[in-house]
Amino acid sequence: MSRITSPAELETFRKGLLSKRDPNKPCITLCSGSACHASGSGEVAASLEAELTKQGLTDSVDIRRTGCHGFCERGPIIVIHPEEICYFQIKPEDIPEIISQTIVEKKVIERLLYNDPATNEKIIHESEIPFYKNQERLVFGSNGSIDPKSIEDYLAIGGYSALAKALSEMSAEQVLSEVKKSNLRGRGGGGFPAGRKWEGSRNAPEPIKYVIVNADEGDPGAYMDRALLEGNPHAILEGLTLGAYAIGAHEGYIYVRQEYPLAVQNVHIAIQQAEEYGFLGKNILGSGFDFKVIVHQGAGAFVCGESTALMTALEGRAGEPRPKYVRSNIKGLWERPSVLNNVETWANVPLIINKGADWFTQLGTAGSKGTKIFSLVGKITNTGLVEVPMGTPLRDIIYKIGGGILNNRKFKAVQTGGPSGGCIPEQLLDLEVGFDELTKAGSMMGSGGMIVMDEDTCMVDVSRYFIEFLTDESCGKCTPCREGLRQMLKILTNITEGKGKEGDIELLEALSETAIEGALCALGKSAPNPFLSTLRYFREEYEAHIKEKRCPALSCKELIAYYIDPAKCKACMTCRRKCPADAVDGGKNLIHIIDQAKCTKCGTCFEACPPRFGAVTKISGVPVPPPIAEEERIIKKSKEK
Amino acid sequence: MDNERIDQIIAKHHGEASSLIQVLLEIQSENNWLPKEVLERVGEKLQVPLTRIQHIATFYKAFSLVPKGRHGIHICMGTACHVRGAKRVLDTVQEATGIKPGETDLDLKFSLETVNCLGCCALGPVMEVDGKTYGKMVPGDTADVLKNYE
Numbered sequence: 000m001s002r003i004t005s006p007a008e009l010e011t012f013r014k015g016l017l018s019k020r021d022p023n024k025p026c027i028t029l030c031s032g033s034a035c036h037a038s039g040s041g042e043v044a045a046s047l048e049a050e051l052t053k054q055g056l057t058d059s060v061d062i063r064r065t066g067c068h069g070f071c072e073r074g075p076i077i078v079i080h081p082e083e084i085c086y087f088q089i090k091p092e093d094i095p096e097i098i099s100q101t102i103v104e105k106k107v108i109e110r111l112l113y114n115d116p117a118t119n120e121k122i123i124h125e126s127e128i129p130f131y132k133n134q135e136r137l138v139f140g141s142n143g144s145i146d147p148k149s150i151e152d153y154l155a156i157g158g159y160s161a162l163a164k165a166l167s168e169m170s171a172e173q174v175l176s177e178v179k180k181s182n183l184r185g186r187g188g189g190g191f192p193a194g195r196k197w198e199g200s201r202n203a204p205e206p207i208k209y210v211i212v213n214a215d216e217g218d219p220g221a222y223m224d225r226a227l228l229e230g231n232p233h234a235i236l237e238g239l240t241l242g243a244y245a246i247g248a249h250e251g252y253i254y255v256r257q258e259y260p261l262a263v264q265n266v267h268i269a270i271q272q273a274e275e276y277g278f279l280g281k282n283i284l285g286s287g288f289d290f291k292v293i294v295h296q297g298a299g300a301f302v303c304g305e306s307t308a309l310m311t312a313l314e315g316r317a318g319e320p321r322p323k324y325v326r327s328n329i330k331g332l333w334e335r336p337s338v339l340n341n342v343e344t345w346a347n348v349p350l351i352i353n354k355g356a357d358w359f360t361q362l363g364t365a366g367s368k369g370t371k372i373f374s375l376v377g378k379i380t381n382t383g384l385v386e387v388p389m390g391t392p393l394r395d396i397i398y399k400i401g402g403g404i405l406n407n408r409k410f411k412a413v414q415t416g417g418p419s420g421g422c423i424p425e426q427l428l429d430l431e432v433g434f435d436e437l438t439k440a441g442s443m444m445g446s447g448g449m450i451v452m453d454e455d456t457c458m459v460d461v462s463r464y465f466i467e468f469l470t471d472e473s474c475g476k477c478t479p480c481r482e483g484l485r486q487m488l489k490i491l492t493n494i495t496e497g498k499g500k501e502g503d504i505e506l507l508e509a510l511s512e513t514a515i516e517g518a519l520c521a522l523g524k525s526a527p528n529p530f531l532s533t534l535r536y537f538r539e540e541y542e543a544h545i546k547e548k549r550c551p552a553l554s555c556k557e558l559i560a561y562y563i564d565p566a567k568c569k570a571c572m573t574c575r576r577k578c579p580a581d582a583v584d585g586g587k588n589l590i591h592i593i594d595q596a597k598c599t600k601c602g603t604c605f606e607a608c609p610p611r612f613g614a615v616t617k618i619s620g621v622p623v624p625p626p627i628a629e630e631e632r633i634i635k636k637s638k639e640k
Numbered sequence: 000m001d002n003e004r005i006d007q008i009i010a011k012h013h014g015e016a017s018s019l020i021q022v023l024l025e026i027q028s029e030n031n032w033l034p035k036e037v038l039e040r041v042g043e044k045l046q047v048p049l050t051r052i053q054h055i056a057t058f059y060k061a062f063s064l065v066p067k068g069r070h071g072i073h074i075c076m077g078t079a080c081h082v083r084g085a086k087r088v089l090d091t092v093q094e095a096t097g098i099k100p101g102e103t104d105l106d107l108k109f110s111l112e113t114v115n116c117l118g119c120c121a122l123g124p125v126m127e128v129d130g131k132t133y134g135k136m137v138p139g140d141t142a143d144v145l146k147n148y149e
């Protein structure tokens, strides 16, 4: 492939590509994102290839291994084009039937379709499934239709046209002013307006500048950046190149977690292809603009998601944040102006350049424009990545798209914004998502993690969990964060273990205040948020733990006991056989009793007990009833009575 | 790991001190841990003091200064896995292997680590052994999975 040297040449090449592609030719797309891969999409792909060869169809059917489709709960996912027939939870054994029935005979296989739990109807097309129907997939939508390892797939859907447009028709100032006008705000945490950040760098006197992709997606429970990098890496490269053009940078970095091997691999492939085709390197599309991109793998440190820490890490040092007396867009990497934006932010840029800021600002709320990808996880029926316009009520995301709470349990709270965010309770479910709206409710947008919690989730434990996470990840530079969090963790652990005492809440509040006031970086300042927001909405849970030594959610191990209700136990031996600690005493027709001294509280018996009996229960705050007398334990069959 | 291979890796990264983390990552992934002699060689070649290498090798989670077991177990403790019971999964793995997170058993069979999100939140709780992901784990099943590893 020789380099494409002008926008006109790109369009000719694109036309050539499209003319070679028959839109009516059957094409099977198979999700090969990380979650689907873990559920076996690799084996499904192998089976697909083998079966097509076996039936002599390799030339008449295309297979495309795409990135994440978002509906991870139901993976591996297959979509058959052009009909757009969507099959879920595919196993290698299903493939022969799919080929012979759907591809050859054009028949739909009922059992593999999505069954709408609300109406109990089978749905054939992807776009009609409630999970997808209620989304607005502007940034994320292409993931399902392109092979991330193929630049030609990206070109076929109009890829690099924004770059061609900018380089040939727009000055750098125009690109910048379009992004400024769009009011695109950073999708990674702070929500700082990207255009303003860019402008600062552009106007800085230092001639050498950098653009950086922050793909150090450290927030546990958020994986949209991973899905974008894995599934559509060229979109991020295109956005980054546009940003470089706007501010006058000739070098860019992608800082990606080494925990995401597929993302690292796909980004490397994409860069190589873009260089080969002439979208990176010297004199891009004949414009005279030069730009190169370097990939830097993170080595595992949450704090490196913070902009200044990330830049320190890029310099080859331990990633500790530094004071922002001068912002990093003026003095950043190697003390030079550096624009750092998150993956999703960069992916929005080509859309804005192609369709214009006016189009972009139609979507969203007054302060938050465009769409946002959320990772909807936890106790939710439809786990996955969802993209909705800013301003969508939380309730719609959780119930219309997410399908409500898992196993029909009761909703308790949704945690947004990662470890620095907060929990939003049920009474605020009609809140419209947006940067300012979430902050007002005591949480934040963060990178878009949305962890749904039900009545079985203990809010004190959630707060302890996040503080533990942050204690572990604190870089250790400032005392209020390093030592304060450690003390907070001690107190919270004590509370969840039933060792809480009067005054603990007040002490935690004082430690929180010190961290907010005294820590240097945003991570330290926001670290007490998980505690403060759970205390704000769930104070009674803290008090139950401290005063009554009771965990209302029946979740804290030290405060609960497993108990078999003798009236309900049918002596079926299921729990007895599964107990790893050998703590269940009983036998056939002999009502089971848990030996509390041996019990490790792993909960296996609770899960094993058949739901129709429901004999194993959890109790908290009250003593375990004494075992019943031996003679009462024998279950007499009705005949023997 | 011999000096020749270390030099090759350093050359691949153009021998620049700013590539220190990338060099160490590559050595870690090939050798499974970072022996002292290796770090000394890297320091010498890149002209970086050993104290700074130590700082980096202990700051980032990906590095290990002690030998690792033949099989790496990673238990995801991300928020999504946490609310679905990752702690109980971890408890049973600790019991089955006799080691705590960060430790390696005496036979060098297993190394146990917790991670803060593997990005497979739909499958939580997730356990990963040697890069193979086991999703929707229940505490009762962990011992069976580990039996497959010798």
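Quick note, the sequences are listed as chains V and F, same order. FYI, numbering that gives the first Met the number 0 numbers position 128 of the first sequence as 127, with every residue one higher than the one before it. FYI, numbering that gives the first Met the number 0 numbers position 86 of the second sequence as 85, with every residue one higher than the one before it. Note that CB positions come from ideal geometry on N, CA and C, so glycine has one too.
Along the alpha helix (DSSP H) that carries residue i, what are the first and last residues, could you check?
i: V:A155; result: 150–155
i: V:P192; result: First-last for V:P192: undefined, no H or E at that position.
i: V:R576; result: 573–577
i: V:S525; result: 521–525
i: F:T132; result: No alpha helix (DSSP H) holds F:T132; the beta strand (DSSP E) holding it covers 131–133.
Relative to the C-alpha of residue i, which candidate in the options has its C-alpha closest?
i: V:F465; options: V:G363, V:C574, V:S525; result: V:S525
i: V:L430; options: V:E10, V:A580, V:M389; result: V:M389
i: V:M458; options: F:V82, F:K108, F:L89, F:E29; result: F:V82
i: V:E135; options: V:R538, V:F359, V:E540; result: V:F359
i: V:V338; options: V:L175, V:L531, V:E547; result: V:L175
Would you call residue i buried or exposed, if buried means 16 or more other Cβ atoms sit within 10 Å of its Cβ?
i: V:V385; result: buried
i: V:K640; result: Residue placement at V:K640 cannot be trusted, given a pLDDT of 40 that sits under 50; what the coordinates show is reported in the next sentence. Flag for V:K640 reads exposed.
i: V:T129; result: Here residue 129 of chain V turns out to be Pro, not Thr, going by the sequence shown. V:P129 is buried by the Cβ-count criterion.
i: V:K638; result: Note on V:K638: pLDDT 48, under 50, position unreliable in the model; the coordinate value appears next. The residue is exposed, with fewer than 16 neighbouring Cβ atoms inside 10 Å.
i: V:N407; result: exposed
i: F:G134; result: buried
i: V:D146; result: buried
i: F:D143; result: exposed
i: V:L17; result: exposed
i: V:V583; result: buried
i: V:Q426; result: exposed
According to DSSP, residue i sits in a beta bridge with which residue or residues?
i: V:Y464; result: V:Y464 is not bridged to any residue.
i: V:I633; result: V:L589
i: V:D584; result: V:I592
i: V:Y561; result: V:K617
i: F:Q46; result: In DSSP, F:Q46 forms no bridge with anything.
i: V:K14; result: Answer is none; V:K14 lacks a bridge partner.
i: V:Q296; result: V:V255
i: V:E120; result: V:D115
i: V:D61; result: V:C26
i: V:P625; result: None; V:P625 has no bridge partner.
i: V:S374; result: V:L384, V:G448
CB residue i to CB residue j, shorter than 9 Å?
i: V:P551; j: V:T513; result: no
i: V:A308; j: F:I55; result: no
i: V:G315; j: F:L19; result: yes
i: V:C30; j: V:I97; result: no
i: V:S446; j: V:G421; result: no
i: V:V212; j: V:I235; result: yes
i: V:I397; j: V:N133; result: no
i: V:P336; j: V:G199; result: yes
i: V:P349; j: V:G238; result: yes
i: V:K577; j: F:G139; result: yes
i: V:I593; j: V:I634; result: no
i: V:G304; j: F:Y59; result: no
Is the Cβ of residue i closer than 9 Å to any Cβ of chain B?
i: V:F465; result: Considering every chain present, this structure includes no chain B. Its protein chains are V and F.
Start and end of the beta strand (DSSP E) containing residue i?
i: V:N341; result: 337–341
i: F:E112; result: 109–114
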